[in-house]
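Taken in sequence, the protein lines are chains A and B. Here this note's numbering is used: the first residue of the first sequence is 1147, the next is one more, and so on. Here this note's numbering is used: the first residue of the second sequence is 3, the next is one more, and so on.
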Amino acid sequence: MGLTIAEKILARASGNDRVRAGDEVKARPDFVIAYDFPGYTDVIFRQMKEDFGIDKVVDPDRFALFIDHMVPAVTPKEEELHQITRDWGAEQGVPVYERKGIGHQVAAELGYATPGAFVVHFDGHISQLGTYGALAIGVRKHLLEAFVKEHIMIRVPQTVRVNLTGKMQPGVMARDVFHHIVRVLGPSACRFQVLEIGGPALAGISLEGRQTITCLAMFTGAITAIINPDEASLAYAQPRARLQIDPVSSDPDAEYSAVHDIDISALEPVVVVPPSPANTRDLSEYAGTEVHMGYLGSCASGRLEDLRIAAQILKGRQVKPGFQLNVVPTSQEIMRQAAEEGLITTLTAAGAFVTSSSCDYCFGRMGVMRDGQRAVSTGTLNVRGRMGSTQSEIFIVNAAAVAASAIEGRIADPRRYL
Amino acid sequence: MELKNLRGRAAFVFEEEDFDVDQIVGVTNIKLKDPAELAAVAMQEYDPDFAQQVRPGDILIGGRNFGYGHPHYPPMIAMRHLGVAGVVAESFSPGYWRGEIAMGFPQAACPGVLGLVNRWDELELDWQALELRNLTTGKALPIEPLSQADRLMLMQGGLIGYLKARDAEPAG
């Protein structure tokens, strides 16, 4: 039997000719990435010195820190946390990227999504680097291991392969495709495994859309998602790659734990109803539900194609009076391009509140709801209390549906506006 | 050195699939830090007398994909404060699993456990025999083996102890 891309990447990272799913290996991460967050980075920096007596990380170029949560700071304590991060980066020779946007996106822009690379972070949404053929895994507090050891222990994961076939209909986006995968496979189908996405439909899904799909892999139970490099992803990732690694792909006869074919031709826009990311439904079932807030942004969505379709829908129209629409481009680079294309003008003219890139709208630090309010959101998650009150509700939809719902103040099918 | 077996009663059975552990303390309490405060609010929605009834060494039982969603640490901080010694579930969500193993909190996957155990049954989790025994009914089911790293982490009381133990190994 042949090998999966995940097996090939971990073979190289562990210095083995060949590893198979189930093997436990010591692998050297090519990149160790984190954003600063209380209880994570500040604790890791302290533990490294106090518990392990380590003054310097091995090969600081492998490390990258992002300041993207609590940006801008609203309390002196938050700014103090950021200063700890800046000081640590300066002391270690580790780059700290600040005010550039959401780290998972900026990491791709800066070349950390090197095809074939093995990447770790504490946050699971780093899986989106898999769009470019990197194996990027969120390991929660185990990230400490990568700071105090050059090699980390990892069990080579099995892989579930999903072949997407058919073609998305207008008004249907990659966001819908991901949640449809959860609906078809269930929220535990890929537990502890890699979700490998392929199939002919991928050719019709942009790199941005692929980042949306791979970003959310955790909601299938997967530890990450990955796509074999193709012409489009290599054209983006290779020129900016930070390492010279030969890209690898799964063999045609790779051994998967399961293979699923999912046809997206008949897929309609979906809504993920609260309070769980497992609750995918057709949006049409919930059309008309009153909503008070819209959030277009996050590491999952908020890229140019999301902003473009929102602008297309809102052009010449107005957000319903009283409805709060927050638009947060995923990175400052995306913000700049959106401005050049005139999208910011269109969105602002329609009544959207467009702000600089930050994670803060996604995890309930800004743009929060009171009891009884409901939001349509492209954020990552719809659990209780994620955007403020535990008595508020979050309906996850694609960017087009956020825009359409903002016009009506009700969950709206975007296809009527296209 | 072997991992110590667990012996205790099934303090609660969470039958729900994809159970979001944050519900144990309630999302409104998820930012509490003090273990005693967390313990005081734990399980109010499920069994208000839980704190009075649970005993040190008791075990929680979970369903399929236990810990799904966006798990935080406070619920199991509360459970450990109350003396709960570990969790046995049909299967686990990886994010939850990694988080709790790093805390040194024993977790074992045991397909079929919901059919094996009723609340308050006396249980023994045997890591060597790789089985969960229901001492009340005399029945048993196999548990899934831990990875080497997870087993060492539980033996060393969590991530820090595990990594320190690895300091003894050759550099690299």
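Ideal Cβ positions, reconstructed from N, Cα and C, are used throughout, including at glycine.
Handout entry: C-beta contact flag for B/Leu-156 and B/Gly-106 at 8 Å
Key = yes
Practice task
Anything in the region 153-169 of chain B with a Cβ closer than 8 Å to a Cβ of chain A? List those residues in chain order, please.
Solution key: Only those residues of the region 153-169 of chain B whose C-beta falls short of 8 Å from the nearest C-beta of chain A are listed: Leu-161, Ile-162, Leu-165, Lys-166, Arg-168, Asp-169.
Handout entry: Residue closest to A/Ala-1378, alpha-carbon to alpha-carbon, out of A/Thr-1366, A/Cys-1361, A/Ala-1349
Key = When only C-alpha atoms are compared, the closest one is A/Ala-1349.
Handout entry: Three CB pairs or more closer than 8 Å across the region 1249-1259 of chain A and the region 1184-1193 of chain A
Key = With fewer than three CB-CB distances shorter than 8 Å, the region 1249-1259 of chain A does not count as touching the region 1184-1193 of chain A.
Problem - Close Cβ partners of A/Val-1417 (< 6 Å) along its chain, the five nearest in sequence each way excluded - result: Arg-1427, Leu-1429, Tyr-1432, Phe-1541, Val-1543
Problem - Separation of A/Pro-1206 from A/Ala-1239, as counted between CA atoms - result: Sequence check: residue 1239 of chain A is Gly here, not Ala. In a straight line, the C-alpha of A/Gly-1239 is about 6 Å away from that of A/Pro-1206.
Handout entry: Where B/Thr-30 meets chain A, residues with beta-carbon distance less than 8 Å
Key = Gly-1531, Thr-1536
Handout entry: Span of the beta strand (DSSP E), counted from its first residue to its last, around A/Ser-1523
Key = That run of the beta strand (DSSP E) goes 1520-1523.
Practice task
Please say whether A/Glu-1224 and A/Met-1216 have beta carbons closer to each other than 8 Å?
Solution key: Yes. Within cutoff.
Practice task
Return yes when the Cβ of A/Leu-1310 is within less than 8 Å of the Cβ of A/Gly-1345, no when it is not.
Solution key: yes
Exercise for the section: Work out the CA separation of B/Asn-67 and A/Lys-1246 for me, nearest whole Å. Expected result: 36 Å
Exercise for the section: Just grab the DSSP bridge partners of A/His-1406 for me. Expected result: A/Val-1308.
Handout entry: Near-chain B residues of the region 1278-1293 of chain A - C-beta to any C-beta below 7 Å
Key = Val-1285, Arg-1286, Lys-1287, His-1288, Leu-1290, Glu-1291
Handout entry: chain B contacts made by the region 1317-1346 of chain A, where a contact means CB separation under 8 Å
Key = Pro-1333, Ser-1334, Arg-1337, Phe-1338
Practice task
Measuring only between beta-carbons, confirm whether B/His-182 sits less than 8 Å from chain A.
Solution key: Outside the displayed range of chain B (3 to 174) lies residue 182 of chain B, so it cannot be described from this structure.
Handout entry: Residue interval of the alpha helix (DSSP H) (run including A/Gln-1483)
Key = Where A/Gln-1483 is concerned, the enclosing alpha helix (DSSP H) stretches over 1478-1486.
Practice task
Taking only beta carbons into account, state which residues of the region 94-111 of chain B come closer than 7 Å to chain A, listed in chain order.
Solution key: Ser-95, Pro-96, Gly-97, Arg-100, Gly-101, Ala-104
Practice task
State yes or no: is the beta carbon of B/Gln-150 nearer than 8 Å to at least one beta carbon in chain A?
Solution key: It does; some Cβ of chain A falls within 8 Å.
Problem - Rounded C-alpha distance that separates A/Val-1220 from A/Ala-1484 - result: 27 Å
Problem - Pairwise C-alpha distance: B/Ala-104 and A/Asp-1197 - result: 15 Å
Exercise for the section: Can you tell me which of the three DSSP states A/Ala-1457 falls into? Expected result: helix
Handout entry: Range covered by the alpha helix (DSSP H) that runs through A/Thr-1492
Key = 1489-1495
Handout entry: B/Tyr-48 at chain A interface by Cβ criterion, 8 Å
Key = no
Exercise for the section: For B/Leu-116, name the three-state secondary structure that DSSP assigns. Expected result: helix
Problem - As assigned by DSSP and simplified to three states, the class of A/Met-1572 - result: Nothing about residue 1572 of chain A can be reported from this structure: the residues present for chain A run from 1147 to 1564 only.
Problem - From A/Tyr-1243, A/Glu-1539, A/Cys-1336, residue whose alpha carbon lies closest to that of A/His-1406 - result: Of the listed residues, the one whose Cα sits closest to A/His-1406 is A/Cys-1336.
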